[in-house]
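In full-length UniProt numbering, the protein residues as written are 1 to 1145. Worksheet: the structure to be examined is printed underneath.
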């Protein structure tokens, strides 16, 4: 009793840790060529869904093991001597929670086990695994015993990270230590290793499938990919920013030494570019973009399966792109107009693609044609989710491909708001799906649709470690799985089996088992899970009868495994003894002693799978006859057995066809009709070319029928592309603000419609004529030059016999800054503001008023100071010390930039005189900077001659404007000069008074200085009476006239309003002074009236009014208001009714 309780406690602990293994799935149970075995799932409880309604503790509620119904051992050889069948070996000291198994293969008896803790395992983006520190066990006798190689064959202190096996050479084994940057290479199945020091930290090492000397090495810390051509001795960097990488599949293309690389694009968030590298030559050409038309796609979405490459795009909307046979990528088209948020490629191994597409919260299964771009809906509400394993997101989809039969798939769907589940099967690769048939012995208690047979698949395996479906390519027609009857799943499955490819099923074992197929399906072995067991069940009659094998002592099994291919008679149980602490236990089972003799021709029979859709023996267009062993004969096939297959092609019938993409079947006549005519024409489809117009039907994917009238009737027909109205016109420019007098490029893009026969009319919005062209090839790229600045509407109109389209864009034209010239101040003093101006020049004539748009000026005055940034062309600066300064300017607008600089001198002291000249100078004044500089040089030369002074002591500046005058600044003397600034100023005044300061011009005129005025710094301001040389008075006059008119109008309105106000004030003031009373309910009697005819007269009579009195006279005479309403007939006598204090109603 104590032992039993201890056993149950240990069992409960094991269950809580989520026991058993991860096998039996065709994809998720193998990584890097190794099968996964797990002690403890390490999956959090909150991550598990409501897929199952029973809790794990329900398994422990009964004190006895789950009920098991063992079939009698009829016709079996004596199997009581378990010593010949079972050999135990304990992996002492190894309590890692996950084990990966690899069979060397090729008739070798070498087995590798790679063990690690679940939490220390990481997964690369391509699915390979590595660990922080792992153990490597190796057996040379098919698992009877193991040696721990990581201790004996590698340097002490090594931390083994991963192990890889070369598919093309089973003798080559690669082991790497990531932390130590070490690679160990074996060429004798792990008997010995050679060490290679690496320059990177390997997270993955990958062999070429044919040329095993060619390796890829990936460092996930730096995201760099390396390659080696000499088994790892020398490495070369291939690419950085690598997300994924694959050797090209051998059957694709003519060069198997190509590597496809998904390279991250750091400039765009979560996007990548697909590239490739050809390593066939000694000096590769480098990494190149595979398909330029593809552009960027979603990171980590690149996949390679079968003849196809896949990537996902997420902008502007989610889409799947497919490349077939290394051709250009094309967008996959799905028939349902539903949002597409995720894609999972289920299978692409048979020349068509099965894709699971997520539409918001639901997954649908679609099947494609040969090129993988056009899809038809196959199955709705597929049971699929996304989860995380070893730090990577993966998609779980409950679908299993039966490996021995083409086109047969099993899948789980959900319905009733995901509360109910059902397993479906298809025999024609998704053309039609059926619920599984209930086993014959349960058909009375389980009737569709309320009850069906449902099988556990990937979700059960991932979340609850319930083995999934097992089928093998060498075991024709055999399928074995855990399942249950009903509408949902629980944790109490039984074992069901089909021997006819899923057409019929029977229950073969009660309870939860793990199972394997051996000897081409000749042996089925099963071991109970979640139980302390000493018994192994096996059958050599395809599950009809079972025998028991008793082990030497009880164990807790985590799984039963065998070499891939199911051709051997050896399998291994992995688990632990219950009466010890956890250590991996391996039990080798060799069933060769079960059979007494090999099979002969008499032991075989012919069998053909029957597609239940039709009568006859054709399935997917062909008749296949397999040779397989009779279920009742317990003989062994042997490794070399290769059952014969007879194939025959069938004539095409209705059952071989389905509706093409864009068509749906009518319920009334069962014919296929187009859903949308526009979808049927490819885009683009130039009207001068032809396309294959669908008949509305296509063969079921994978169907190989040939001949018959239907094949001719349903063939697509070459059809000329129709002419379509242009749509989606768009004008593209580098920028919409452009430069005048500069050629501008315009590009036209047309998204839809015909292009060859379409005419296009360009109008650039200026005075130039429109441009008429036929054909997009001529009209899509034009250049135009604008002469003048301004805003222009650029329009394009396109049309053909089917319609027209129009679009426009607004272009702003500004002038280019061809030259920027600084106008520096003169007579600059320390600590006094100095005004700097800039003049901008363009390509136009001086008479043209340039428009440079927004101009940004960057001034730099002194070294070490920050630049002065401004939008104004005039700026001030204060210099704090005297000296020479280089002042620079950069003028920038949207289409150009120019640079200029000047050197100025800043002084402590100056004396400045302003010289006035006769009228001849104004006549000669050209009003330009160049003329002012010219005259300043002439005057400076004249003054230095007259005064006999060095030119360095004078600064001459012609002030802009008219009349023309000149400022002459005198600089402080140096040590060698005797005359002071005041003396020189007086000398200049004397010279001017004598009229000797003259400058002659080439035309003979002479400008004479007539007056000299000494200025202080504050006096150096522009005279208010001066006028610029180029001032235009017309604008000022126009503004003045308009302002005068407005002022006169406003004065008139104000005068009239004031007069009206005073008049009304006097009127009512008099009324108040004459004693009029306000109207109220007490003093105002009702109005009386007398109506003789149509007129009515109301009067207020205190003193009778006289005819012709004005309003003012009425007020003065009566003091009361009198209102009269004359009758329409003036001759009628209307008596007056007196109403005191009344007013007109």
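Think of the CB as a built atom: it goes at the ideal place given N, C-alpha and C, for glycine as much as any other residue. No experiment lies behind these values; they were computed from the predicted model shown.
query, result
"Separation of residue 733 from residue 850, as counted between CA atoms", "24 angstroms"
"Residue 871 burial status per 10 Å Cβ neighbour count (16 or more: buried)", "exposed"
"Buried or exposed (CB count within 10 angstroms, at least 16 for buried), residue 883", "exposed"
"Integer Cβ distance of residue 257 from residue 211, believed to fall under 8 angstroms", "7 angstroms"
"Contiguous beta strand (DSSP E) assignments of at least 3 residues, all confined to the stretch 517-594", "523-528, 532-539, 547-562, 570-576 and 584-590"
"Nearest-angstrom beta carbon gap, residue 638 and residue 673 [assumed within contact, 8 angstroms]", "Actually they do not touch by this definition, with Cβ atoms about 55 angstroms apart."
"CA-to-CA distance, residue 478 to residue 471, given in whole angstroms", "6 angstroms"
"From 570, 538 and 608, residue whose alpha carbon lies closest to that of residue 592", "570"
"Proximal residues to residue 826 (C-beta, below 7 angstroms), its chain only, five neighbours per side dropped", "955, 957, 967 and 969"
"Of the residues 456, 461 and 491, the one placed nearest residue 497, counting alpha carbons only", "456"
"Environment of residue 602 [buried if 16+ CB atoms lie within 10 Å]", "exposed"
"Contact set for residue 1107: own chain, Cβ-Cβ below 6 angstroms, skip 5 residues either direction", "Per-residue confidence for residue 1107 stands at a pLDDT of 45, beneath the threshold of 50, marking its modelled position as unreliable; the derived number appears in the next sentence. None."
"Residue 369 in three-state terms, based on DSSP", "coil"
"Environment of residue 419 [buried if 16+ CB atoms lie within 10 Å]", "exposed"
"Residue range of the beta strand (DSSP E) that includes residue 759", "759-763"
"Contact check, residue 100 vs residue 114, beta carbons under 8 angstroms", "yes"
"For residue 564, the nearest candidate out of 1043, 1040, 95 and 104 (CA to CA)", "104"
"Nonlocal neighbours in the same chain, by C-beta distance under 6 angstroms from residue 1001, ignoring five residues either side", "924"
"Which of helix, strand or coil DSSP assigns to residue 601", "helix"
"DSSP state of residue 118 mapped onto helix, strand, coil", "helix"
"C-beta contact flag for residue 526 and residue 495 at 8 angstroms", "yes"
"Buried/exposed call for residue 413, threshold 16 Cβ in 10 Å", "buried"
"Residue burial classification, residue 1037 (beta-carbon count within 10 angstroms, cutoff 16)", "exposed"
"Three-way DSSP call (helix, strand, coil) for residue 930 in this model", "helix"
"Own chain residues within Cβ distance below 8 angstroms of residue 13, not counting five before or after", "Confidence in residue 13 is poor, its pLDDT being 30 and thus under 50, which makes the residue's placement unreliable; the coordinate value appears in the next sentence. Closer than 8 angstroms at Cβ, skipping near neighbours: no residue."
"Beta carbon of residue 584 nearer than 8 angstroms to that of residue 94", "yes"
"Nearest candidate by alpha-carbon position, reference residue 429, set 468, 355 and 1004", "355"
"Whole runs of the beta strand (DSSP E) within the stretch 305-341, excluding any shorter than 3 residues", "308-313 and 319-324"
"Own chain partners of residue 252 with C-beta closer than 8 angstroms, once the 5 adjacent residues on each side are dropped", "307, 325 and 326"
"Rounded distance between the beta-carbons of residue 852 and residue 893, thought under 8 angstroms", "5 angstroms"
"Other residues of its chain near residue 246: CB distance less than 6 angstroms, five sequence neighbours each side excluded", "260 and 304"
"Integer-rounded CB distance, given that residue 609 should sit under 8 angstroms from residue 683", "Actually they do not touch by this definition, with Cβ atoms about 41 angstroms apart."
"Outcome for residue 767 when other beta-carbon atoms lying within 10 angstroms are tallied against a minimum of 16", "exposed"
"Short Cβ contact (8 angstroms threshold) for residue 482 with residue 445", "no"
"Cα-Cα separation, residue 197 to residue 184", "9 angstroms"
"When 523, 333 and 533 are compared against residue 541, the one with the closest alpha-carbon", "523"
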